[in-house]
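Down below is the structure, laid out as structure tokens.
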Amino acid sequence: MKRLAIASLVLVCAAPLLAQEKSASDGIAEYRAMLADGNPAELFEAKGEALWKQKRGPRNASLEACDLGQGPGVVKGVFVTLPRHFRDTGRVQDLESRLLTCMETLQGFNAAEIARTPFGKGEQANLTALATWIAAESRGMRFALPQAHPQERRMYAIGERAFFYRGGPHDFSCASCHGEEGKRIRLQDLPQLTRNPGDGVGFAAWPAYRVSNGQMWSMQLRLNDCFRQQRFPYPGFGSDLTIALSTYMGVNAKGAESVAPAIKR
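My numbering puts the first residue of the sequence shown at 52, with every later residue one more than the last.
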């Protein structure tokens with residue numbers, strides 16, 4: 052009886068510890084699952100679809116003739132193939148920089164002016180909404196970025212070097228947080244973004260709604276914030292560096308199911 056009592060006492064004392072161990076990762080997953088039922092990203096999706104069809108800008112035109120890589124007007128399935136090379140610009144472009152090209156060539160907007168606009172303001176807010184809707188049109192599809200063009204392979208190589216480049220006052224890189232399994236910050240598991248195939252937690256989840264600040268974050272904004280945390284200068288919107296990083300992560304995510312637009316802490 053004495054041994055049984057001691058064993059019971061050990062189990063009772065251990066129970067809170069086991070609950071704490073579970074709550075570190077599973078608790079956040081449960082929290083996300085509850086939020087996902089009413090993801091505010093749906094509001095941005097609706098806005099983006101309306102903007103795609105609306106005649107706007109100096110030329111009073113819609114974006115329905117925009118070629119995102121699968122032909123003019125094709126939206127479904129394009130998100131999981133970007134960034135990619137575009138013949139008309141001679142550049143590898145991600146979704147946001149490609150949309151910016153279409154807003155300039157089709158609608159007459161000033162692309163350079165929009166690129167200088169802070170995230171969440173003016174046409175930048177519209178650009179994020181457009182990207183959110185287009186990403187949603189590929190939800191559940193598998194990532195398969197092309198690497199046939201020399202420029203696409205070059206961007207992957209540059210992105211890989213940038214991902215592992217250490218610097219800044221803290222001497223860390225993208226890989227410092229996302230280059231190993233089991234990394235965690237603020238009780239949140241960090242996705243491993245160097246392996247292939249990747250998963251849908253990292254690259255495949257953006258654009259995403261950030262609950263912590265009530266904002267919709269595009270991949271360009273997410274990368275911008277990573278540079279802030281590294282204490283590096285902010286990259287230019289749609290710069291070759293950000294597109295190279297996206298190419299590297301996107302190619303590594305081959306086979307991952309797109310869950311964008313997701314919901315994040």
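Think of the CB as a built atom: it goes at the ideal place given N, C-alpha and C, for glycine as much as any other residue.
DSSP three-state assignment for residue i, whether helix, strand or coil
i      : result
Val143 : strand
Gln175 : helix
Pro201 : helix
Ser309 : coil
Trp268 : strand
Ala226 : helix
Lys315 : strand
Gly218 : strand
Arg282 : coil
Arg261 : strand
Arg273 : helix
Arg212 : helix
Ile57  : Caution applies to Ile57, whose pLDDT of 43 falls short of 50 and renders its modelled position unreliable; the model cannot decide the point.
Residue i burial status per 10 Å Cβ neighbour count (16 or more: buried)
i      : result
Glu96  : buried
Thr298 : buried
Asn177 : buried
Arg149 : buried
Ser189 : buried
Met85  : exposed
Glu232 : exposed
Val126 : buried
Tyr285 : exposed
Ser263 : exposed
Ala163 : exposed
Distance between beta carbons of residue j and residue i, contact taken as under 8 Å
i      : j      : result
Ala304 : Phe194 : 4 Å
Cys117 : Leu157 : 6 Å
Glu115 : Gly122 : Wrong, their Cβ atoms sit about 12 Å apart, outside the cutoff.
Thr245 : Leu274 : With a Cβ gap of about 16 Å, Thr245 and Leu274 do not count as contacting.
Rounded C-alpha distance that separates residue i from residue j
i      : j      : result
Gly120 : Pro242 : 28 Å
Thr168 : Val143 : 22 Å
Phe170 : Leu146 : 15 Å
Asp77  : Asp240 : 10 Å
Glu317 : Ser113 : Because the chain here runs from 52 to 316, residue 317 falls outside it and cannot be looked at.
Val63  : Thr132 : The predicted position of Val63 is uncertain, since its pLDDT is 44 and thus under 50; a value taken from the coordinates is nonetheless stated next. Straight-line Cα distance between these residues: approximately 52 Å.
Asn90  : Ala186 : 14 Å
Leu296 : Met267 : 20 Å
Glu39  : Cys277 : This structure leaves residue 39 out entirely; the chain is present only between 52 and 316.
Phe214 : Met300 : 9 Å
Ala259 : His229 : 18 Å
Residue i CB to nearest heavy atom of the ligand COA below 7 Å
i      : result
Ala186 : Inclusion of the ligand COA in the displayed structure is not the case, the ligand content being empty and no account of it being possible.
Any contact between the segment 131–149 and the segment 196–207? By contact I mean 3 or more CB pairs, one from each, below 8 Å. yes
How about the segment 270–286 and the segment 213–227: do they share at least three Cβ pairs that are nearer than 8 Å? yes
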